[in-house]
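The structure under discussion appears below in the form of structure tokens.
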Ligand code: URA
């Protein structure tokens, strides 16, 4: 035992601990590239997606809704698909549901530009119908790339479509089965919760939503 203590003291004396801490820090920084680099990678991906015609939604969209926010966000929200306003303006979650999401973030004194907001599918399904499995499958390639670039610590899935897709759950898995739980997907904490559009119709879900948001913000070390 004494020999072990002596050896540890020796390592400390020669600065081993400092070297180890430095290497750990460098490893983390390596995993998270600089803001500029991340922004450039996202811009490159965006250019590719703006031209996308891989599924039928390309024929009816006004704008592709790529996503927006902090390219190095610790927290990423993933919704279902753009609605009317989002399609018109090419920005995610800016309609009534989006305004509610912003309001909840502001409750925790978090501005939208500190997080990243994206959707499972980047083009509006006609008349806001549900995205079809083949559309989700085709578009998932882009979302995976976005996640790979941003490297969030936490993903909050807004609603059943986002939750099922990210967690690879069977079709028809109800959001009530998964909401508020923490999942770990490749080292990223995934938290399913209600879609803000659901909260517009069911105010009783608001306190659970707030709880899920608080959990996500804490794990993302934003509060
Ligand atoms: N609903 C979504 O799921 N995404 C949006 O961008 C807007 C509304």
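In our numbering, the protein residues as written are 56 to 278.
Heads up, the beta-carbon is just placed ideally off N, CA and C, and yes, glycines get one too.
Bounds of any alpha helix (DSSP H) do not take in residue 212; it lies within the beta strand (DSSP E) bounded by 209 to 213.
Comparing alpha carbon positions, the residue from 277, 122, 66, 204 closest to residue 87 is 204. The three-state secondary structure of residue 230, taken from DSSP, is helix. Taking C-beta separations shorter than 8 Å and ignoring five residues to either side along the sequence, the partners of residue 263 in its chain run 234, 235, 248, 249, following chain order.
Judged by DSSP in its simplified three-state form, residue 130 adopts strand. Distances from the alpha-carbon of residue 174 to those of 160, 231, 124 put 124 closest. Closer than 8 Å to some heavy atom of the ligand URA: that describes the Cβ of residue 135. Each residue's CA atom was taken as its position, placing residue 65 and residue 93 some 41 Å apart. Note that the C-beta distance between residue 260 and residue 268 is not below 9 Å. Bounds of the beta strand (DSSP E) holding residue 174 are 171 to 174.
In this structure, the straight-line span from the alpha carbon of residue 243 to that of residue 176 is close to 20 Å. In its chain, beyond the 5 residues on either side, no residue has a beta carbon closer than 6 Å to the beta carbon of residue 108. Residue burial is scored here from C-beta neighbours: residue 70 has fewer than 16 other C-beta atoms within 10 angstroms and is therefore classed as exposed.
Each of 225, 199, 171, 277 was checked against the Cα of residue 241, and the nearest Cα belongs to 199. Residue 97 counts as buried, since at least 16 other C-beta atoms from the protein chains shown sit within 10 angstroms of its C-beta.
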